[in-house]
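The structure under discussion appears below in the form of structure tokens.
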Amino acid sequence: MKKLTLLLGIFSLSFAQESLEELKRQLEEQRKIIKELEKKIEALEKAQKGQEEKKAERPLPADRSLQLRAKYEERLKAYQISPFRQTAFLPDIAFIVDTSLVGRNRKDEEYKELEIPELFHTHKEGGHAGLNEKRGFNLNYGELYLYAPVDPYFDLYATIPFSEEGSKLEEAYAVTRGLPFGFQLKVGKFRSSFGRLNAQHPHAWDFATQPLINKVFLGEDGLVEKGIGINWLAPTPFYLLFGAEVLQGENEQSFNYKGFKIDNFEIEDRSVPNLYVGYVKTSFDIGNLSLLTGFSYAQGKHREAEDHEGLDAKTKLYGFDLTARYQIDSIRYISLQGEYMYRDQKGKKYEFNNSQLETKGITKKQGGFYLQLVGRINKQWRVGIQYNLINKNTVKEDGTKEDLPKNLPAYYAMVEYGPTEFSRIRLQFGENRAFYKDGVRKPVKEVILQFNFAIGAHGAHPF
Amino acid sequence: MRSLLILLLSLSLSFAQLKVVAVYPWIGELVKEIGKDKVKLHVIAKPTEDFHFVVPRPSHIAKLRDADLLIINGASLEIGFLPPLIQQSNNPKIQLGREGFLDLSSFVNLIEKPLSVSRAMGDVHPEGNPHYSLDPHNIPILARAIKDKMCQLDQKNCTFYTSNLEDFLKRWSQKLKEWDEGFSKLKGTKVIQYHKTYDYLFVRYGIEKAGTLEPLPGIPPTAKHLEELINRSKGVKFVVYEIFREPKPAKRVAEAIGAKAIVLPHDVGVEGVRDLFGLFDEILMRLSR
């Protein structure tokens, strides 16, 4: 037994000695390896540093996915914090503020009462705020603008102007983004593509005020209607666009479907949709000159009443527009833009005279135009003049021609300073000789200093 | 009858071509190199136009209507004119995110990406400096991306496009050596530019950026800023500007600091530049004088 333990002891000792030597050898080897590795790492680090320096001085083109992989750790954390974050889907949001300082030779009360005979009078009820309405400081609007694709099939746009009193949903519509054969469909509430200026927002206008014909035929807010629109871009080598719109017809100047009640006489609402619009637009380039021209047509019923008078008529509105923009160089241009509108109304006029209802046949043939010349002098300055004229104002009641003024002009000049695309200061002055009160012409002289600012993601304007 | 036949034939031929719309001339040049006669090309911007403010003429809408592929510079360079054109094109193929839309800025590393943006900083692009086409080392990557996209849309001509690309790349890499050699001689040369248009080129070759005539990107030079620039600039050799800029501020500064004011081409089609090779040849020549 003793022998056995001794033997075992010797064995184990010799084993221990062997393993100790083995261990020492291994350790030495590992030390060598580590040293080699350290050297390698140092070399690598040096190389990397060099590369980084190179990277810093050179924009080495590389696959973006590599960068993404490098941020893997970071991203992993980010997702764990907010796995349902949707901020990436926020729509484009812009806010546009328009404010002005107005000088006018008519007091606000008097200005409000002025009318353009058989063409325009301020509606007593509603009384929405027009632009630059009061003398002194005006806050014309603060307009919220939203845009984003809904999905692969639709884009959505909304324009919500705020006034000091409240807000309204001026525009909210979806446009298709994937119809074949050059078609595009629009549905919701939107500015009609009738003519040239109507589809543009006020902040995109070249002048602080609306042209006279737009005001009298389409109203101060323009032709903005609920409905559906379709357009087709023809497969021609030049720009040729056809469009049609079916609209509710709630325009207070020319296309109103709502009935009325004067004294004890009542007329019901017209059937809806009440307004149909068609247009064709085309464009050519001749060297540095771009021409854009179009014909528009709108047809609908119109009912309106004031005090003891009411009108029930059918309106046909014709429009012709032409824009000729000559690009002198990359920045400077001269742009001539004009529109002609002609309104043909036929219907019945109801009037209470000493509680007696009189009904007369009425025809109105009215037309006019504006023509403006705007030039961009350099990147920040623009100047322009605009001439307005209503040169036809024929109204017949039961075949008898009314005695009406038919030479109704207005003219404006403006100079504009735009430090960037996002801010604009415009000085406009001019005279409107179309206004009357009790048959007497009341020329309105105006000076407007307009400020317009846009913040946020506001899209570019079309041509 | 025969003329009708010819007309029909030519129509069907034109149908067979891949219709490409390129926003800038240099993109068009790459498309021409790769696609040759198999491609029908329309270029939106004129080389004489400020690349930020291209006129959104309706005539472009007609070309976009039938396009199979729209290739853009990206990095917000076209934000002031292109979105309405795409929207009005009524063409589903080239809408954002569709197969026929190619944004080249996604294939290169953009420099000068700001950490934060505010419009108070002027026209700063959140993605970084968008004028990456002026680094000749970026061109091969961009050419390859265009070829791959064209192959994707027009598989039957892919071998044709590939061989054209290889041919182009071969010629390009030869010229690259020449340019690398030529431009590296300019290392350390101080240059003032109108806008940060040539940053990629300057960074690539160690040409020293000595400031811009614009006080902030997109804001025209002011008297005060030019005065400051004149006072702090020493040893500047060139004041460079693009063809569409007002030359007066450049000349004024150059005169005051004893530098040379020169127009540098920024794209194909201006200052006698006839193709992409000529673009860098001309830039090198003008900076080497």
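Protein chains in written order, with our numbering: chain A, 1 to 463; chain B, 1001 to 1289.
Here a beta-carbon is modelled for each residue, glycine too, at the ideal position from N, C-alpha and C.
Note that this is a predicted model, so its numbers are computed, not measured.
Check B:Ser1184 in the structure and name its three-state DSSP category. Residue state, collapsed to three classes: helix.
Chain-ordered residues of the segment 1058 to 1069 of chain B with a beta carbon less than 7 Å from chain A: The residues in question are Pro1058, Ser1059, Ile1061, Ala1062, Arg1065 and Asp1066.
If you scan the segment 413 to 437 of chain A from start to end, which runs of the beta strand (DSSP E) of 3 or more residues do you find wholly inside it? You should have 423 to 432.
Amino acids of chain B, ordered along the chain, whose beta-carbon sits closer than 8 Å to that of A:Pro180: Here the neighbours are Pro1092.
Taking 7 Å as the CB-CB limit, is B:Gly1080 close to chain A? Yes, B:Gly1080 lies at the interface with chain A (some Cβ there is under 7 Å from its Cβ).
Which stretch, first to last residue, makes up the alpha helix (DSSP H) that contains B:Lys1147? Here the alpha helix (DSSP H) through B:Lys1147 covers Ile1139 to Leu1153.
Start and end of the alpha helix (DSSP H) containing B:Gly1035? First-last of the alpha helix (DSSP H) with B:Gly1035: Pro1025 to Gly1035.
May I ask you to report which of helix, strand or coil DSSP gives B:Lys1234? B:Lys1234 falls in the coil class under three-state DSSP.
Strictly below 8 Å CB to CB, what residues from chain A border B:Phe1053? Ser330 and Ile331, listed in chain order.
Determine the direct distance from the alpha carbon of A:Gly456 to that of A:Gly142, and round the result to whole angstroms. Going by the C-alpha atoms only, they are around 13 Å apart.
Contact residues within the segment 238 to 259 of chain A, judged by C-beta distance below 9 Å to chain B: The segment 238 to 259 of chain A vs chain B, Cβ under 9 Å: Phe238, Tyr239, Leu240 and Leu241.
Just grab the DSSP bridge partners of A:Tyr141 for me. A:Asp98, per the DSSP bridge assignment.
Just the chain B side, please: which residues come within less than 8 Å of A:Ser193 by C-beta, in chain order? The contact set of A:Ser193 on chain B, defined by CB atoms closer than 8 Å, is empty, because the minimum CB distance reaches about 11 Å.
Just verifying my parser: in three-state terms, what is the DSSP assignment at A:Asp403? Looking at A:Asp403 - three-state DSSP - the assignment turns out to be coil, as it is neither helix nor strand.
Neighbour flag for A:Asp485 against chain B, beta carbons, 7 Å: This structure cannot speak to residue 485 of chain A, because chain A is shown only from 1 to 463.
Please tell me whether B:Pro1220 has its Cβ less than 7 Å away from any Cβ of chain A. B:Pro1220 belongs to the set of residues whose beta carbon lies under 7 Å from a beta carbon in chain A.
Taking only runs that begin and end inside the segment 164 to 227 of chain A, name each unbroken beta strand (DSSP E) of 3 or more residues, in chain order. Runs of the beta strand (DSSP E) lying entirely within the segment 164 to 227 of chain A, each at least 3 residues long, are 171 to 176 and 183 to 191 in chain order.
Should B:Asp1050 be flagged as near chain A, meaning a C-beta pair shorter than 7 Å? At least one CB atom of chain A sits nearer than 7 Å to the CB of B:Asp1050.
Note down the Cα distance separating A:Phe242 from A:Leu119, rounded to an integer number of angstroms. Cα-Cα distance, rounded: 30 Å.
Determine whether the Cβ of B:Phe1168 lies closer than 7 Å to any Cβ atom of chain A. Residue-level contact by beta carbon fails for B:Phe1168 and chain A, as no gap is shorter than 7 Å.
Contacting residues, own chain, Cβ-Cβ under 6 Å from A:Arg196 (five flanking each side not counted): Only Asp321 and Glu339 meet the Cβ criterion.
Closer than 8 Å at the beta carbon, the chain B residues around A:Ala460: Per Cβ cutoff of 8 Å: Pro1056, Ile1079, Gly1080, Phe1081, Leu1082, Pro1083 and Pro1084.
Where the segment 1098 to 1129 of chain B meets chain A: residues whose CB sits under 7 Å from a CB there: If the cut-off is 7 Å between Cβ atoms, the segment 1098 to 1129 of chain B has Ser1106, Val1108, Asn1109, Ile1111 and Arg1119 near chain A.
Of the residues B:His1125, B:Ser1133 and B:Phe1101, which one's Cα is nearest the Cα of B:Val1108? Of B:His1125, B:Ser1133 and B:Phe1101, the residue nearest in Cα terms is B:Ser1133.
Do the segment 1030 to 1045 of chain B and the segment 264 to 278 of chain A make contact, defined as three or more Cβ pairs closer than 8 Å? Judged by Cβ distances under 8 Å, the segment 1030 to 1045 of chain B makes no contact with the segment 264 to 278 of chain A, as fewer than three pairs qualify.
Quick one: is A:Arg177 near chain B, going by C-beta distance under 7 Å? At least one C-beta of chain B is nearer than 7 Å to the C-beta of A:Arg177.
Report yes or no: is there a C-beta of chain A within less than 7 Å of the C-beta of B:Gln1290? Any answer about residue 1290 of chain B is impossible in this case: the structure gives chain B only from 1001 up to 1289.
Hey, how far is the Cα of B:Lys1019 from the Cα of B:Asp1123? Rounded to whole angstroms, B:Lys1019 to B:Asp1123 spans 33 Å at the Cα level.
Taking the beta carbon of A:Val383 as the centre, do at least 16 other beta carbons fall within 10 Å, making it buried, or is it exposed? A:Val383 is exposed by the Cβ-count criterion.
If I follow the unbroken beta strand (DSSP E) through B:His1266, where does it start and stop? For B:His1266, there is no enclosing beta strand (DSSP E), as DSSP marks it with neither H nor E.
Under the rule that 16 or more other beta-carbon atoms within 10 Å means buried, what is A:Asn407, buried or exposed? Its Cβ having fewer than 16 others within 10 Å, A:Asn407 is exposed.
Starting from A:Pro235, find everything on chain B with Cβ-Cβ shorter than 8 Å and list it in chain order. What A:Pro235 touches in chain B: Arg1065 and Asp1066.
Does the pairing of the segment 1265 to 1284 of chain B with the segment 1240 to 1256 of chain B give three or more beta-carbon distances under 8 Å? Yes, the segment 1265 to 1284 of chain B is in contact with the segment 1240 to 1256 of chain B.
Starting from the beta carbon of A:Glu36, find every residue of chain B whose beta carbon is closer than 8 Å, and list them in chain order. Ordered by position in chain B, no residue passes the 8 Å Cβ test against A:Glu36, which lies about 35 Å from the chain.
Within the segment 1073 to 1144 of chain B, note down every full alpha helix (DSSP H) run reaching 4 residues or more, in order along the chain. Whole alpha helix (DSSP H) segments, 4+ residues: 1082 to 1088.
Does DSSP put B:Ala1250 in a helix, a strand or coil? Here B:Ala1250 carries a helix assignment [DSSP, helix/strand/coil].
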